[in-house]
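Undergrad: Numbering that gives the first Met the number 0 applies: residue 0 is where the sequence shown begins, and numbers increase by one.
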Amino acid sequence: MPKKIKRPTSFHWGSYYSETEDEKLIALHPYEKDNDPSTIAKGLLDSIDDKLRIRVPHIRKGYLREIRKELSNPKMSLTGTRLRSKRGSDSFVPVSWDEANEIVAFELTRVKKKHKNKAFFAGSYGWASAGRFHHAQSQLHRFFNCFGGYTKSINTYSYAASETIMPHVIGISYREFLDTHTDWNNIKDNSELVVMFGGLPLKNSQVTSGGVGKHTTKEFIQSCEKKGIEFINISPMEMEADLISNAEWVKIRPGTDTALMLGIAFILETESLADKDFLNKYCSGYDEFIKYLKGISDGRAKTPYWASKITGIPSDTIYNLAKKMSSNRTMITGAWALQRQQYGEQPHWMITVLACMLGQIGLPGGGFGLGYSAENGIGNPVQHHKWPALNQFKNPVNEFIPVARISDMLLHPGEKFSYNGTDFKYPDIKLVYWAGGNPFHHQMDLKKLVKAFKQPDSIIVNEIWWNSLARHADIVLPANTSLERNDIGIRHWDQTISPMHKSIEPIGESKSDYEIFSALAEKLNFLTKFTENRDENEWLRYLWDEARSSAQKANFSLPDFDRFWKNGFQNVLTPKKQTILLEEFRKDPIKKPLPTPSGKIEIFSETVSSFNYKDCPGHPIWLEQEEWLGASLTKNFPLQLISGQPHNRLHSQLDNGSESQKQKILGREPIKINPEDAIARGIVEGDIVEVFNKRGKCLAGAIISKEVMQGVVFLPVGAWYDPLEDNFCVHGNPNVLTKDVGTSSLAQGPSAHSTLVEVKKYTKDLPPIKIFDKPDILNK
Numbered sequence: 000m001p002k003k004i005k006r007p008t009s010f011h012w013g014s015y016y017s018e019t020e021d022e023k024l025i026a027l028h029p030y031e032k033d034n035d036p037s038t039i040a041k042g043l044l045d046s047i048d049d050k051l052r053i054r055v056p057h058i059r060k061g062y063l064r065e066i067r068k069e070l071s072n073p074k075m076s077l078t079g080t081r082l083r084s085k086r087g088s089d090s091f092v093p094v095s096w097d098e099a100n101e102i103v104a105f106e107l108t109r110v111k112k113k114h115k116n117k118a119f120f121a122g123s124y125g126w127a128s129a130g131r132f133h134h135a136q137s138q139l140h141r142f143f144n145c146f147g148g149y150t151k152s153i154n155t156y157s158y159a160a161s162e163t164i165m166p167h168v169i170g171i172s173y174r175e176f177l178d179t180h181t182d183w184n185n186i187k188d189n190s191e192l193v194v195m196f197g198g199l200p201l202k203n204s205q206v207t208s209g210g211v212g213k214h215t216t217k218e219f220i221q222s223c224e225k226k227g228i229e230f231i232n233i234s235p236m237e238m239e240a241d242l243i244s245n246a247e248w249v250k251i252r253p254g255t256d257t258a259l260m261l262g263i264a265f266i267l268e269t270e271s272l273a274d275k276d277f278l279n280k281y282c283s284g285y286d287e288f289i290k291y292l293k294g295i296s297d298g299r300a301k302t303p304y305w306a307s308k309i310t311g312i313p314s315d316t317i318y319n320l321a322k323k324m325s326s327n328r329t330m331i332t333g334a335w336a337l338q339r340q341q342y343g344e345q346p347h348w349m350i351t352v353l354a355c356m357l358g359q360i361g362l363p364g365g366g367f368g369l370g371y372s373a374e375n376g377i378g379n380p381v382q383h384h385k386w387p388a389l390n391q392f393k394n395p396v397n398e399f400i401p402v403a404r405i406s407d408m409l410l411h412p413g414e415k416f417s418y419n420g421t422d423f424k425y426p427d428i429k430l431v432y433w434a435g436g437n438p439f440h441h442q443m444d445l446k447k448l449v450k451a452f453k454q455p456d457s458i459i460v461n462e463i464w465w466n467s468l469a470r471h472a473d474i475v476l477p478a479n480t481s482l483e484r485n486d487i488g489i490r491h492w493d494q495t496i497s498p499m500h501k502s503i504e505p506i507g508e509s510k511s512d513y514e515i516f517s518a519l520a521e522k523l524n525f526l527t528k529f530t531e532n533r534d535e536n537e538w539l540r541y542l543w544d545e546a547r548s549s550a551q552k553a554n555f556s557l558p559d560f561d562r563f564w565k566n567g568f569q570n571v572l573t574p575k576k577q578t579i580l581l582e583e584f585r586k587d588p589i590k591k592p593l594p595t596p597s598g599k600i601e602i603f604s605e606t607v608s609s610f611n612y613k614d615c616p617g618h619p620i621w622l623e624q625e626e627w628l629g630a631s632l633t634k635n636f637p638l639q640l641i642s643g644q645p646h647n648r649l650h651s652q653l654d655n656g657s658e659s660q661k662q663k664i665l666g667r668e669p670i671k672i673n674p675e676d677a678i679a680r681g682i683v684e685g686d687i688v689e690v691f692n693k694r695g696k697c698l699a700g701a702i703i704s705k706e707v708m709q710g711v712v713f714l715p716v717g718a719w720y721d722p723l724e725d726n727f728c729v730h731g732n733p734n735v736l737t738k739d740v741g742t743s744s745l746a747q748g749p750s751a752h753s754t755l756v757e758v759k760k761y762t763k764d765l766p767p768i769k770i771f772d773k774p775d776i777l778n779k
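1) Taking the CB atoms as reference points, tell me whether proline 477 and isoleucine 53 lie closer together than 8 Å.
2) Exposed or buried, which one is threonine 421 when buried takes at least 16 other CB atoms within 10 Å?
3) Could you work out which residue in Asp561, Pro616, Ser172 and Leu201 is closest to isoleucine 487 when comparing CA atoms only?
4) Shortest alpha-carbon distance to glutamate 237 belongs to which of Val756, Glu162, Thr754 and Gln709?
5) Specify, as a first and last residue, the run of the alpha helix (DSSP H) that valine 103 falls within.
6) Helix or strand or just coil, what does DSSP make of tyrosine 425?
7) Helix, strand or coil for lysine 226 per DSSP?
8) Just checking leucine 581 against the ligand MG - is the residue's beta carbon closer than 7 Å to any of the ligand's heavy atoms?
9) So, does the region 673-691 touch the region 56-71, judging by three or more C-beta pairs under 8 Å?
10) Note the first and the last residue of the continuous alpha helix (DSSP H) segment covering tyrosine 432.
11) What does a CB cutoff of less than 7 Å around serine 222 pick up in its chain, not counting 5 residues either side in sequence?
12) Just list the beta strand (DSSP E) runs in the region 318-365, keeping only unbroken ones of 3 residues or longer that don't cross its boundaries, in chain order.
13) Could you tell me which residues DSSP puts in a beta bridge with histidine 28?
14) So glycine 198 and serine 497 are supposed to be a Cβ contact under 8 Å. How far apart are they, rounded?
15) Contact between the region 364-373 and the region 327-335: three or more CB pairs below 8 Å?
16) Report the option in Ser604, Val55, Asp587 and Ser417 whose CA atom is closest to the CA atom of glutamine 345.
17) Using CA coordinates, which residue listed in Phe10, Gly748 and Arg83 is at the minimum distance from glutamate 443?
18) Going by beta-carbon coordinates alone, are histidine 57 and valine 449 separated by less than 8 Å?
19) My assumption, with CB atoms under 8 Å, is that glycine 376 sits in contact with proline 7. Please give the rounded CB distance.
20) In the region 429-495, which residue ranges form an unbroken beta strand (DSSP E) of at least 3 residues, counting only runs that do not cross its ends?
21) At which residues does the beta strand (DSSP E) containing alanine 121 begin and terminate?
22) Short of 7 Å in beta carbon distance, which residues of its chain neighbour lysine 32, apart from the five on each side in sequence? Order them along the chain.
23) Taking C-alpha atoms, which residue in Pro774, Lys760, Glu483 and Gly741 lies nearest to isoleucine 702?
24) Going by the CB atoms, is the gap between leucine 261 and tryptophan 621 shorter than 8 Å?
25) Given this structure, state the Cα-to-Cα distance separating methionine 356 from glutamate 268, to the nearest angstrom.
26) If you count every other CB in all the chains shown that lies within 10 Å of the CB of histidine 618, and 16 or more means buried, which is it?
27) Do tyrosine 342 and serine 743 count as a contact pair if the criterion is CB distance below 8 Å?
28) Which residue from Gly741, Ala746, Leu755 and Leu745 puts its Cα closest to that of valine 735?
29) In the region 235-261, which residue ranges form an unbroken beta strand (DSSP E) of at least 3 residues, counting only runs that do not cross its ends?
30) For proline 387, name the three-state secondary structure that DSSP assigns.
31) Which residues does DSSP list as the beta-bridge partners of serine 152?
32) Using alpha carbons as the reference points, say which of Arg83, Gly147 and Val92 lies closest to leucine 107.
33) Within the continuous alpha helix (DSSP H) that includes histidine 140, where are the two ends?
34) Name the one or two DSSP bridge partners that threonine 8 has.
35) For the putative contact between glutamate 535 and asparagine 485, defined by C-beta atoms under 8 Å, what is the C-beta separation to the nearest angstrom?
Written out as structure tokens, the structure reads:
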């Protein structure tokens, strides 16, 4: 009789027991203490061994032909004839691991010898696994640092603008800032009003980097609502506060939140509602900011009437918001989405200024927070602990790029760019190695990225499925999933520690990133340095011993490894007291000053002002974006595209799985459009529509919904890029439409939400979707 076995494991979207029968995965059962498990896991059941799994190494046909010639005659230099223009459309040839390793080692050695290590770009984005050892980004960076270094990326697609500006404003690192957010219990017990710029989208809280033990966001928000706390959702989309039944929806034109906040600030200042004692004692630069607010410096007072013309919100509503916020214990929240737009530094800085004017920062239930519900862990009442991680070693190479500037780097080597007050030059990248991530999901303007990916001599990827990244590579090495190896799930914002038991044998000849890089390290003569003579089990025990040691220093205990591995999920780190953001600073700003130049919250930053950036001056201001609903471009493209997170997958992960596929409309990604906009275009529910602008076009399936305001459409990110032409995705990837421009010279972050489009009913024969078929694969 077949034997069924259940084993504990963990993913970024939750913790589960994998159930296998005859060594095949048949079910994933949520952790019993998770009262709100995500359904994303369902997509793994039918995709883990589907036809798109990469089972053996493959090399692009044109590349393989030429590099075999180079291998037979190393004095030849044929890199210019590797048919780079065929990336994305060429056939692939399956090869043995021995040949693949020989070719990769040869090419790494050639580039290092001829161009030095700064010519390597080690791209990874860290979401491949919730495990701390088999963390693709750590493995990749450790490998390249053993090999002499690489050009790196800094910041994140999630909050690049915010994590660059906020240390100038409050001094502390962005990680410390997020860790010390006022927790949900404190909000529940003390807040009277929560004003949400960008809402609190529950779908985003399904995931946490490093994994989720218990999904708590829904429970906390519902407990706040039950307590009688009032919620105001300031957003172009009602669904961004879908869980809160009593939330007042204030419809705002996308990208105009800063203007609204300035209008509110004007009332606070002119009607003596601003807390001048707090501003004088805890803040620096308010007088400079007031010159702008009142129009002394630019001739435009930021009145509610002024703000109304920009935001589309009635002046009376703005006035009433100011009065209500000043007369209640108010928590102001800002979604990360607010700063993924041109001039994205401004709204989060202005939220901080608004909270300063209310004077409630550091008080129970008051102040502000950025990113509540963006991941499950922010605001969780847990005691934060720095867990050990795989040592990546020091990178000897100084070159870097802001993460979203990858296309510009590849297309414009040697060109100058500004970042955070300093000018740099893009390095000349000859080899891209990617493991754990899909730039064809998160990078804007995919036509530009496709062109950029044709520039390097070589592109190598470790990949699980034949997604868009794999199809644009030269060498594709088959990586396995977290269910095909052992690991440890330790979360920074969650109480649950998870053993991650191997559930099934690796599919085909796939290997873990550690195994892949170990084999290459052996070829390149640094195996011992990379592995430290440890296999997977020895590394897990070593990391667990490190965790036990750090726990002991923090006055809590963990069991030995064997007990942990046998007993399964364990909950640790219950906090002793509630957390309030900047509480210690509030209590004593002399003894506990902020690490800013003034020791205070910087409403005006001399440092930022000294950079002389017109697109990010010394205090928050309203800057008109190139693409927004008030731009002249609306004559041709009258709808603003919001491309937020999907609810049925993590970014683009598992788009090939059933949980994502069942939501498609005739195979296309759904797009939400307001009824008035749909009527004007003759679009009905279920129609396939063409979404287009001057950069590209894509097909999507129409959902008619009052959840999005008129003039706005919502198309989630993550549909696998499936181009009929360079700029026409037949599947519905919104990044064929988005503009690849930095938020400003300060952060150079992604600005995907500054995108105007038009939508029309698609009346031609539907082109087939090919991305879920394997690419053309030749016989050896």
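Backbone N, C-alpha and C fix where the C-beta goes; we use that ideal spot for every residue, glycine too.
Predicted model only: the values in this text are computed from it and were never measured.
TA: Let me spell this out:
1) yes
2) exposed
3) Asp561
4) Gln709
5) Run containing valine 103: 96-114, per the alpha helix (DSSP H) assignment.
6) coil
7) Lysine 226 sits in coil when the DSSP states are folded into three classes, being neither helix nor strand.
8) For the structure depicted, the ligand MG is absent and the ligand set is empty, with no information on it obtainable.
9) Verdict: no, contact absent.
10) Element bounds for tyrosine 432: not the alpha helix (DSSP H) but the beta strand (DSSP E), 430-434.
11) Lys187
12) 329-333
13) Tyr16
14) With a Cβ gap of about 30 Å, glycine 198 and serine 497 do not count as contacting.
15) yes
16) Ser604
17) Sequence inspection shows methionine at residue 443; the glutamate mentioned does not correspond to that position. Per the Cα distances, Gly748.
18) No; because the gap between Cβ atoms is not below 8 Å, this pair is not in contact.
19) Not confirmed; about 20 Å, so no contact.
20) 430-434, 457-462, 474-477 and 486-489
21) 119-122
22) Lys213
23) Lys760
24) yes
25) 8 Å
26) buried
27) With contacts defined by Cβ atoms closer than 8 Å, serine 743 and tyrosine 342 form a contacting pair.
28) Leu755
29) Runs of the beta strand (DSSP E) inside the region 235-261: 247-249.
30) The answer is coil: DSSP assigns proline 387 none of H, G, I, E or B.
31) Ile400
32) Among Arg83, Gly147 and Val92, the Cα nearest to that of leucine 107 belongs to Gly147.
33) 135-145
34) Beta-bridge partners assigned by DSSP to threonine 8: Tyr15.
35) In this structure glutamate 535 touches asparagine 485 by the C-beta definition: roughly 6 Å separates them, less than 8 Å.
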